[in-house]
Amino acid sequence: MAGALCIIVWKSSLPRGNAMLQQNSSSGEAQLRVSAASCSDTGRVRTLNEDAILMNEPVDQAVSAQFGWLYLLADGAGGHAAGEVASRLAVETIAAVYYAQQTSRLTAENASHPQGEVRHLHGPLVDLETPIEQIQRAFFAAHLRIREAAHLKREYAGMITTCIAAVVKGAHLLIAHIGDSRAYLIRPSSAPRPSITRLTMDHSMVTKLARAGAISPEQVRNSPFRHIILRALGGKEQDSTIPDVTTCVVQAGDTLLLCCDGLWSMLSEEQIALVVSSAPPQVACAELIRLANEAGGEDNISAVVLSFI
């Protein structure tokens with residue numbers, strides 16, 4: 045996408061319904077206001093919503109200013125409502141561990157400064173000490189917590205969840221994900237329609253088959269393997285705990301969408317781009333949910349929309 049700078053590193057209490065938040069975010073030269081909204085719906089087929097969303101977990105203001113704002117979406121799976129447990133544990137644990145690490149670091153950095161003066165870090169998110177390792181550690185902690193819960197309660201056995209995280213600091217964006225929940229960046233364009241770029245690659249069987257040339261893009265939607273996830277939190281394989289990480293520079297006018305497969309499998313990228321670019325976040329979220337339900341609503345439907353102003 046023209047004008048977007050992305051660096052991709054491969055493998056290296058929760059709101060329900062509508063939620064809306066605004067933040068002022070600044071980093072070095074760039075100063076952006078972020079308007080964010082989320083929405084989650086059971087869909088027309090399922091009887092239980094096993095998705096979980098977290099937006100801006102309340103933390104100390106100094107920590108938020110230093111280390112960014114965190115947005116999380118998880119799509120759980122498992123019998124006896126276990127998917128709902130897995131997704132909830134994922135977003136709770138990742139937020140707690142990520143900010144606990146940052147708070148400890150901030151406390152240590154400021155310990156020698158008189159009158160509790162806070163030191164400010166400058167430069168992009170990727171210049172922070174080890175942001176990729178920090179988010180990876182948080183994902184791993186969530187994996188362990190889900191596995192422990194599954195071990196302690198028989199009905200939770202086998203529960204897993206996808207998870208996608210966005211950390212926003214000024215104009216700098218970090219995306220980490222496991223599974224097939226996606227991130228899209230939508231940008232205004234001189235063309236008749238806005239541009240849309242997918243920032244994530246699904247950890248799924250159909251993606252693996254398509255990349256190997258075993259099936260065509262047209263066959264992906266109806267493939268019998270389309271629901272098989274190769275990496276997930278709570279899975280048996282150790283490798284499944286390592287998220288892919290993407291860092292991007294965003295600009296005013298950009299919009300970020302985090303969504304589960306219950307949304308992106310029902311709508312085309314063109315539909316998504318048109319909806320997200322033509323309405324404020326709260327309205328866009330509701331419209332995406334409506335359209336996905338109208339298209340069949342085959343799964344739970346969840347979205348987080350961030351507009352950079």
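Here the sequence shown is numbered in my numbering, starting from 45 and rising by one per residue. Beta carbons: idealized from backbone N, C-alpha and C, even for Gly. A quick note: this is a predicted structure, and the numbers were derived from the prediction, not measured.
Option in I353, N344, V89 with minimal Cα separation from C83: That would be N344, whose Cα lies nearest to the Cα of C83.
Contact between the stretch 236 to 250 and the stretch 130 to 141 (3+ Cβ pairs under 8 Å): Counting C-beta pairs with one atom in each stretch, the stretch 236 to 250 and the stretch 130 to 141 have fewer than three that are closer than 8 Å, which means they do not touch.
Continuous alpha helix (DSSP H) assignments of at least 4 residues falling wholly in the stretch 202 to 233: Segments of the alpha helix (DSSP H) lying fully in the stretch 202 to 233: there are none.
Beta carbon of S312 nearer than 9 Å to that of D85: No, the pair does not count as a contact, with Cβ atoms beyond the cut-off.
Rounded Cβ spacing between L98 and L116 (contact assumed at less than 8 Å): Separation of the CB atoms of L98 and L116 is rounded to 4 Å, and the pair is thereby assigned contact status at 8 Å.
When V107, A182, K197 are compared against G123, the one with the closest alpha-carbon: Cα-wise, what sits closest to G123 is K197.
Cross-strand partners of M99 (DSSP beta bridge): Its beta-bridge partners are Y115.
Sub-9 Å separation of N138 and A81 beta-carbons: A small fix is needed here, since residue 138 is Ile in this sequence, not Asn. Their beta carbons are not under 9 Å apart, which means I138 does not touch A81 by this criterion.
Exposure of S260, with buried meaning 16 or more beta-carbon neighbours within 10 Å: Exposed is the call here.
Whole-number beta carbon distance between T244 and D288, since they are thought to touch under 8 Å: Cβ atoms of D288 and T244 come within 8 Å of each other, at about 7 Å.
Rounded straight-line distance, which links the Cα of Q178 to that of L307: Distance between the alpha carbons of L307 and Q178 is about 29 Å.
Nearest candidate by alpha-carbon position, reference A126, set N93, A140, V141, L274: When C-alpha distances from A126 are compared across N93, A140, V141, L274, the shortest belongs to N93.
DSSP beta-bridge partners of G340: According to the DSSP secondary-structure assignment, G340 is paired through a beta bridge with no residue.
Burial state of P268, where buried means 16 or more other Cβ atoms lie within 10 Å: Around the beta carbon of P268, fewer than 16 other beta carbons lie within 10 angstroms, which makes this residue exposed.
Among R231, L217, I219, C207, nearest to S225 - alpha-carbon criterion: S225 has its Cα closest to that of C207, out of R231, L217, I219, C207.
Endpoints, the beta strand (DSSP E) within which S346 is located: From DSSP, the beta strand (DSSP E) with S346 extends over 345 to 352.
Alpha-carbon spacing of V170 relative to V349, whole angstroms: Because V170 carries a pLDDT of 41, less than 50, the predicted location of this residue cannot be relied on, and no value is offered for it.
Close Cβ partners of V294 (< 6 Å) along its chain, the five nearest in sequence each way excluded: The answer, listed in chain order, is A215, L217, F352.
Three-way DSSP call (helix, strand, coil) for T251 in this model: If DSSP states are grouped into helix, strand and coil, T251 belongs with the helices.
Where L172 sits in the DSSP three-state scheme: For L172, the pLDDT reaches just 43, beneath the cut-off of 50, and the residue's location in the model is therefore unreliable, leaving the point undetermined.
Whole-angstrom distance between S79 and G341, CA atom to CA atom: About 27 Å.
Through-space distance from E262 to M203, alpha-carbon basis: Within the model, the alpha-carbon separation for M203 versus E262 is close to 30 Å.
Same chain, Cβ closer than 7 Å to A339, five either side skipped, listed in chain order: Short of 7 Å from the beta carbon of A339, and not among the five residues preceding or following it, lie these beta carbons of its own chain, in chain order: M310, L311.
Residues that S322 bridges to, as DSSP identifies them: DSSP lists no partner for S322.
Counterpart residues of C304 in DSSP-defined beta bridges: The bridge partners DSSP lists for C304 come to none.
CB contact flag (L114, A209, <9 Å): For L114 and A209, yes; Cβs fall inside 9 Å.
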